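Q: Protein chains in written order, with numbering that gives the first Met the number 0: chain D, 0 to 359; chain R, 0 to 359; chain E, 0 to 359.
This is the structure I want to talk about, given as structure tokens.
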Amino acid sequence: MFIYNAWYMGAWADEVKPLGLLGRVLLELPVVFYRTEDGTALALEDRCCHRALPLSHGCVVGDQLQCGYHGLVYDRKGVCVKVPGQERVPAQAKVRSYPVVEQDEMFWIWMGDPALADPALIVRHPWHTDPAWVWIKDRYSINANYQLITDNLMDLTHVGYVHQRTIGGTPQAHSEAETQTTRSETSVKVTRWMPNSVPPPAYVAAFKFNTATVDRWMEIDFFPPAAVRIHTGAKDVNTGAREGDRSGGIAFVGLNLQTPETAKSTHYFWSGARTYEVGEPELRAKLLTSLPATFAEDKVVVEAQQASLDREGGVPLVMIASDAGLVHARRLVASMLENETQLKEAAAKPPDARPVQEPT
Amino acid sequence: MFIYNAWYMGAWADEVKPLGLLGRVLLELPVVFYRTEDGTALALEDRCCHRALPLSHGCVVGDQLQCGYHGLVYDRKGVCVKVPGQERVPAQAKVRSYPVVEQDEMFWIWMGDPALADPALIVRHPWHTDPAWVWIKDRYSINANYQLITDNLMDLTHVGYVHQRTIGGTPQAHSEAETQTTRSETSVKVTRWMPNSVPPPAYVAAFKFNTATVDRWMEIDFFPPAAVRIHTGAKDVNTGAREGDRSGGIAFVGLNLQTPETAKSTHYFWSGARTYEVGEPELRAKLLTSLPATFAEDKVVVEAQQASLDREGGVPLVMIASDAGLVHARRLVASMLENETQLKEAAAKPPDARPVQEPT
Amino acid sequence: MFIYNAWYMGAWADEVKPLGLLGRVLLELPVVFYRTEDGTALALEDRCCHRALPLSHGCVVGDQLQCGYHGLVYDRKGVCVKVPGQERVPAQAKVRSYPVVEQDEMFWIWMGDPALADPALIVRHPWHTDPAWVWIKDRYSINANYQLITDNLMDLTHVGYVHQRTIGGTPQAHSEAETQTTRSETSVKVTRWMPNSVPPPAYVAAFKFNTATVDRWMEIDFFPPAAVRIHTGAKDVNTGAREGDRSGGIAFVGLNLQTPETAKSTHYFWSGARTYEVGEPELRAKLLTSLPATFAEDKVVVEAQQASLDREGGVPLVMIASDAGLVHARRLVASMLENETQLKEAAAKPPDARPVQEPT
Chain D
0 MFIYNAWYMG AWADEVKPLG LLGRVLLELP VVFYRTEDGT ALALEDRCCH
50 RALPLSHGCV VGDQLQCGYH GLVYDRKGVC VKVPGQERVP AQAKVRSYPV
100 VEQDEMFWIW MGDPALADPA LIVRHPWHTD PAWVWIKDRY SINANYQLIT
150 DNLMDLTHVG YVHQRTIGGT PQAHSEAETQ TTRSETSVKV TRWMPNSVPP
200 PAYVAAFKFN TATVDRWMEI DFFPPAAVRI HTGAKDVNTG AREGDRSGGI
250 AFVGLNLQTP ETAKSTHYFW SGARTYEVGE PELRAKLLTS LPATFAEDKV
300 VVEAQQASLD REGGVPLVMI ASDAGLVHAR RLVASMLENE TQLKEAAAKP
350 PDARPVQEPT
Chain R
0 MFIYNAWYMG AWADEVKPLG LLGRVLLELP VVFYRTEDGT ALALEDRCCH
50 RALPLSHGCV VGDQLQCGYH GLVYDRKGVC VKVPGQERVP AQAKVRSYPV
100 VEQDEMFWIW MGDPALADPA LIVRHPWHTD PAWVWIKDRY SINANYQLIT
150 DNLMDLTHVG YVHQRTIGGT PQAHSEAETQ TTRSETSVKV TRWMPNSVPP
200 PAYVAAFKFN TATVDRWMEI DFFPPAAVRI HTGAKDVNTG AREGDRSGGI
250 AFVGLNLQTP ETAKSTHYFW SGARTYEVGE PELRAKLLTS LPATFAEDKV
300 VVEAQQASLD REGGVPLVMI ASDAGLVHAR RLVASMLENE TQLKEAAAKP
350 PDARPVQEPT
Chain E
0 MFIYNAWYMG AWADEVKPLG LLGRVLLELP VVFYRTEDGT ALALEDRCCH
50 RALPLSHGCV VGDQLQCGYH GLVYDRKGVC VKVPGQERVP AQAKVRSYPV
100 VEQDEMFWIW MGDPALADPA LIVRHPWHTD PAWVWIKDRY SINANYQLIT
150 DNLMDLTHVG YVHQRTIGGT PQAHSEAETQ TTRSETSVKV TRWMPNSVPP
200 PAYVAAFKFN TATVDRWMEI DFFPPAAVRI HTGAKDVNTG AREGDRSGGI
250 AFVGLNLQTP ETAKSTHYFW SGARTYEVGE PELRAKLLTS LPATFAEDKV
300 VVEAQQASLD REGGVPLVMI ASDAGLVHAR RLVASMLENE TQLKEAAAKP
350 PDARPVQEPT
């Protein structure tokens with residue numbers, strides 16, 4: 000059901016301190032993130048091989064993880080290197096280890112075949128470390144399938160309805176934006192322009208435009224299986240924005256990472272960044288502080304959707320024009336899933352298979 | 000499992016104001032009740048045909064309902080008449096509409112074949128609008144099958160046990176009442192008389208009888224699938240009550256409408272009315288204010304019953320004499336269900352069937 | 000799944016007063032404990048044969064139990080002796096009765112074939128009534144299978160890890176204790192010695208040893224299916240403790256009774272006793288008051304284990320040396336279960352079978 004051969008965001012970097020640990024279920028598998036004494040980020044299966052207690056109930060000792068039940072000690076690779084009270088460590092005493100990359104203030108984890116875990120495939124987000132930008136972030140637990148969150152982001156005509164009390168504006172302006180959807184082999188881009196339009200009050204409050212109307216843009220990039228980056232902004236009308244020059248305006252970058260917890264629950268990591276120079280200090284602050292409430296509005300919607308689909312999943316849905324982005328996004332995900340299924344069938348032993356037997 | 004070709008109470012009329020809406024699951028189907036600007040009561044399927052968000056997250060515009068996700072607009076019949084951002088509305092863009100009748104301060108809804116929805120079949124309750132009567136009401140969410148509530152009401156020998164702290168009295172008086180059960184094709188009536196009996200303290204406090212003992216009555220009418228009306232009262236002994244003259248006494252009318260939400264949860268609407276002239280003001284008030292606590296006692300019982308049946312549903316139950324009313328009530332319900340099943344099998348296309356396909 | 004032909008602790012004796020009653024699910028069956036007016040402890044099926052309401056919603060009248068719904072009355076054997084409002088009591092109107100023994104401040108119940116319920120099989124615990132001992136007790140609701148609690152108790156190397164903030168000590172001392180496991184046909188004993196060891200701070204605070212190091216012991220007795228008694232203590236080094244003379248030291252007795260509620264929830268009854276003479280009053284008190292927190296730590300562990308096993312039950316577990324006690328305990332339980340299954344198959348009509356038919 001899930002794509003395992005992919006990088007997922009597993010945690011914000013600051014969720015795990017040196018010698019700290021964090022248990023989290025990702026793609027229905029238990030994972031414990033931890034940092035060694037020198038700060039290195041690691042991830043193991045969060046389930047002691049002895050009696051199945053999550054290792055996140057234990058503690059980090061140097062660069063090893065010790066179970067909090069009977070003290071078994073695991074190294075970075077998940078190999079048990081010590082069983083208190085006995086000399087010999089059983090050969091089968093080990094847990095899975097997962098490749099982790101700490102980058103752009105995030106932990107990225109690869110849950111599939113480690114041989115395929117190429118860090119170059121990770122979505123970069125330099126705005127998190129660029130001193131010219133300020134940003135806020137959070138993680139929301141969403142009781143909905145992760146693709147419902149992607150759907151939400153790929154069709155921003157919802158902004159005028161769902162977010163009318165936060166970042167919205169005239170619904171009409173959003174639904175009549177010039178929209179273009181393009182798809183590559185590894186991404187989907189939805190570009191929306193509202194040229195020569197009245198800037199929303201939030202923009203006006205935060206920035207001094209020189210023209211009464213502005214050219215506004217929204218650029219949504221989907222990177223499968225579960226990342227969406229959104230550039231939004233505006234500048235003076237007819238000053239080259241559409242030709243590619245966005246300097247001298249107001250600009251935001253949003254990052255959305257919807258990592259599946261289970262089929263019906265999602266860790267929704269989000270951040271919102273804006274250029275630091277924009278506007279007066281108190282106005283600047285205001286522009287980002289509307290984000291938590293905004294994403295909370297999305298949470299209500301996708302959870303209600305999930306409950307509705309659970310009740311009557313078989314009833315067909317009707318497509319409309321603004322679905323183009325999400326349809327392409329879902330097709331990319333379906334295609335990755337199909338590839339992975341074929342890969343597994345081809346392999347004698349799939350990467351995430353384990354021998355199954357009864358516990359004693 | 001449910002009888003769909005029947006009128007059910009869906010909401011109290013004052014739960015939905017003009018331009019207001021209310022989402023509620025009835026018979027395992029999502030329904031949104033709303034009022035147009037001019038106050039007309041309507042009900043649609045509470046599930047947008049586009050992305051399945053409940054329409055109760057949207058808003059009423061004039062006499063139309065607009066989805067709160069991407070702004071699709073539905074008319075009174077559930078036909079989508081506008082999709083923001085595009086000219087053409089897809090032909091299949093529609094949701095179910097349900098016949099609604101607002102009557103006696105209640106919304107009645109027909110969830111089955113609309114062609115059979117005859118308003119004359121609705122149980123009337125004129126006491127809700129008769130200025131000579133005062134009444135209170137509520138809706139309780141009960142975690143039990145609706146028929147367990149009907150059972151409860153059809154055997155009032157429970158009053159002395161379950162309600163000993165509220166409206167009860169001597170259990171013996173209740174279990175030894177003269178009881179007659181009659182059944183027609185469309186209703187069950189249980190009549191209980193306690194002639195020449197000592198009036199309960201609550202009656203004495205509220206009413207000045209001229210005789211030390213009174214003739215008391217309880218008359219329970221079941222109208223399938225899910226309505227029970229109960230007349231109770233007393234008057235001076237041997238002054239014609241049994242012959243049909245109930246004037247000059249104290250009288251109450253209770254209405255109980257147990258509309259299924261799911262197989263194991265019920266919207267239990269109840270009201271209690273009494274003649275306005277009776278007793279001193281503060282005593283009058285007292286007589287009705289015991290009702291919420293009384294129905295809360297029933298809630299405890301039927302929910303415990305449901306949990307017990309869930310645990311061991313297959314263990315047989317033993318019938319006793321006072322079950323006569325509920326046995327007849329259950330037979331009427333079973334018979335309606337049987338009729339509806341036959342009707343569906345006879346029809347080429349059952350009224351509540353919809354083509355089923357995978358969502359895209 | 001459960002062993003029914005065995006005594007289980009059902010309640011603390013003081014949980015049920017004369018004329019009091021207590022509903023509790025044991026081995027997935029509803030039980031109501033009650034005391035007659037003269038204090039006799041009894042147990043019936045907690046489900047009225049009429050409409051399935053738990054009898055624990057009723058009341059005790061003399062030595063009979065009356066249902067709180069329509070007033071059916073049951074005698075000590077579960078036979079219905081009165082149905083209000085009718086002369087005849089239906090022959091099939093009865094509920095199961097269970098043998099109960101009140102002993103050592105506990106109610107013991109036998110859920111299987113009453114013919115096999117020999118009170119001599121009940122684990123005795125004289126410390127609860129010995130005036131030379133003081134003790135505390137409680138019941139914890141644990142969301143885990145009862146055998147996970149037995150496992151926990153049979154391998155006390157967990158004490159240094161799980162209980163480091165309460166009764167723990169150096170993990171190493173616990174894991175390097177001299178441990179011997181012996182198994183009889185009806186019990187498992189794990190004996191652990193820490194000779195010539197530094198006494199833990201709690202011991203030192205509570206007792207005046209004459210030697211700098213002490214001989215410490217832990218003796219764990221498992222009595223299937225669900226009882227574990229633990230003797231712990233210490234005395235001056237080389238003063239005969241290992242040879243059997245434990246006088247003149249500090250000693251504790253813990254009792255643990257993990258009665259299944261369902262396959263994944265357990266009533267965990269525990270008590271902790273110590274000799275009354277030991278230490279100064281305030282120190283004595285301290286020694287026992289750490290127990291509630293200690294058992295709460297175990298609750299966290301076994302519930303996390305259960306959740307982990309629920310997620311991936313099929314993944315094999317790895318055995319280590321300190322598992323010897325729990326492995327033997329599980330084998331005894333498996334053997335009892337096997338015996339009971341054979342007994343049932345041999346019998347024409349198993350003791351707990353009942354005819355199954357649809358409720359009317």
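Glycine residues also receive a C-beta, built at the ideal position from the N, C-alpha and C atoms.
Here the structure is a predicted model, which means the values were calculated and not measured.
#1: Mind checking V80(R): buried by the 16 CB within 10 Å criterion, or exposed?
#2: With a 10 Å radius around its C-beta and 16 neighbouring C-beta atoms as the bar for buried, classify G312(E) as buried or exposed.
#3: Drop a sphere of 10 angstroms on the beta-carbon of S307(D), count the other beta-carbons inside from all chains shown, and report buried for 16 or more, exposed for fewer.
#4: Taking 8 Å as the threshold, find out whether the stretch 120-127 of chain R comes into contact with the stretch 39-47 of chain R through three or more Cβ pairs.
#5: With 16 as the cutoff for other CB atoms within 10 Å, does K16(R) come out buried or exposed?
#6: Contact between the stretch 191-199 of chain E and the stretch 215-234 of chain E: three or more CB pairs below 8 Å?
#7: Please state the DSSP three-state secondary structure of N373(D).
#8: For I141(D), would you say it is in contact with chain R, using Cβ-to-Cβ distances shorter than 7 Å as the test?
#9: Between A352(E) and chain R, is any beta-carbon pair separated by less than 7 Å?
#10: Please report the residue range of the alpha helix (DSSP H) in which S334(R) lies.
#11: Our contact map puts E27(E) next to T261(E) with C-beta atoms below 8 Å; I'd like the distance itself, whole angstroms only.
#12: I need the DSSP call for T149(D), collapsed to helix, strand or coil.
#13: Tell me which residues share the same chain as L155(D) and place their Cβ nearer than 7 Å to its Cβ, disregarding the 5 neighbours each side in the sequence.
#14: In this structure, does DSSP put K298(D) in helix, strand or coil?
#15: Quick one: which unbroken beta strand (DSSP E) runs of 3-plus residues sit fully inside the stretch 36-120 of chain E? Chain order, please.
#16: Please list, in chain order, the chain D residues whose beta carbon lies closer than 7 Å to that of R310(E).
#17: What does DSSP give as the partner residue(s) for S264(D) in the beta ladder?
#18: If you measure from the beta carbon of A5(D) to each beta carbon in chain R, is any gap under 7 Å?
#19: Taking the CB atoms as reference points, tell me whether A143(D) and V301(D) lie closer together than 7 Å.
#20: In chain D, which residues lie with their C-beta within 9 Å of the C-beta of P83(R)?
#21: Tell me whether Q63(R) is buried or exposed, calling it buried when 16 or more other Cβ atoms sit within 10 Å of its Cβ.
#22: Going by beta-carbon coordinates alone, are Y3(E) and G111(E) separated by less than 7 Å?
#23: Consult DSSP for A240(E) and reduce its assignment to one of helix, strand or coil.
#24: Using only CA atoms, which one of E242(E), L256(E), V317(E) and D322(E) lies nearest to F294(E)?
#25: Report yes if the CB atom of A204(D) is closer than 7 Å to the CB atom of G232(D), and no otherwise.
#26: Beta-carbon of Q304(E) versus every beta-carbon of chain D: anything under 7 Å?
#27: Could you tell me which chain E residues have their CB closer than 8 Å to the CB of D416(R), listed as they occur along the chain?
#28: Near P170(D), what residues of its chain come up, given a Cβ to Cβ distance below 7 Å and the 5 sequence neighbours on each side ignored?
#29: Would you mind giving the Cβ-Cβ distance between I108(D) and Y7(D), rounded to the nearest angstrom? I have them listed as a contact below 8 Å.
#30: Considering V189(R), what are the terminal residues of the beta strand (DSSP E) in which it resides?
#31: Under a three-way DSSP split, which group does G313(E) fall into?
#32: Assign E218(D) to one of three DSSP states: helix, strand, or coil.
#33: CB-CB under 6 Å to P98(D), same chain, minus the five flanking residues each way: which ones, in chain order?
#34: Quick one: Cα of I229(R) to Cα of G253(E), how far?
#35: Since I believe H266(D) is in contact with R182(D) (beta carbons under 8 Å), could you give me their beta-carbon distance rounded to a whole number of angstroms?
#36: So, for T35(D): in the same chain, excluding its five sequence neighbours on each side, which residues have a beta-carbon less than 6 Å away from its beta-carbon?
A: Judging by the given coordinates:
#1: exposed
#2: exposed
#3: buried
#4: no
#5: exposed
#6: yes
#7: With chain D covering only 0 through 359, there is no way to say anything about residue 373(D).
#8: no
#9: Confidence at A352(E) is low in this model, with a pLDDT of 49, below 50, so the placement of that residue should be treated as unreliable; the coordinate-derived value is given next. Output row for A352(E): interface = no.
#10: A323 to A345
#11: 5 Å
#12: helix
#13: H173, R191, M217 and I219
#14: helix
#15: 40-44, 58-60, 63-65, 79-81, 99-102 and 105-109
#16: P29
#17: T261(D)
#18: no
#19: yes
#20: T156, G159, Y160, P170, Q171, H173, S174, E175, I319 and S321
#21: buried
#22: yes
#23: coil
#24: L256(E)
#25: no
#26: yes
#27: Within the shown structure, residues of chain R are numbered from 0 to 359, placing residue 416(R) beyond reach of any answer.
#28: G159 and Y160
#29: 6 Å
#30: V187 to S196
#31: coil
#32: strand
#33: W109, P113 and A116
#34: 59 Å
#35: Between H266(D) and R182(D) the Cβ distance is about 26 Å, and since that is not below 8 Å, they are no contact.
#36: D62
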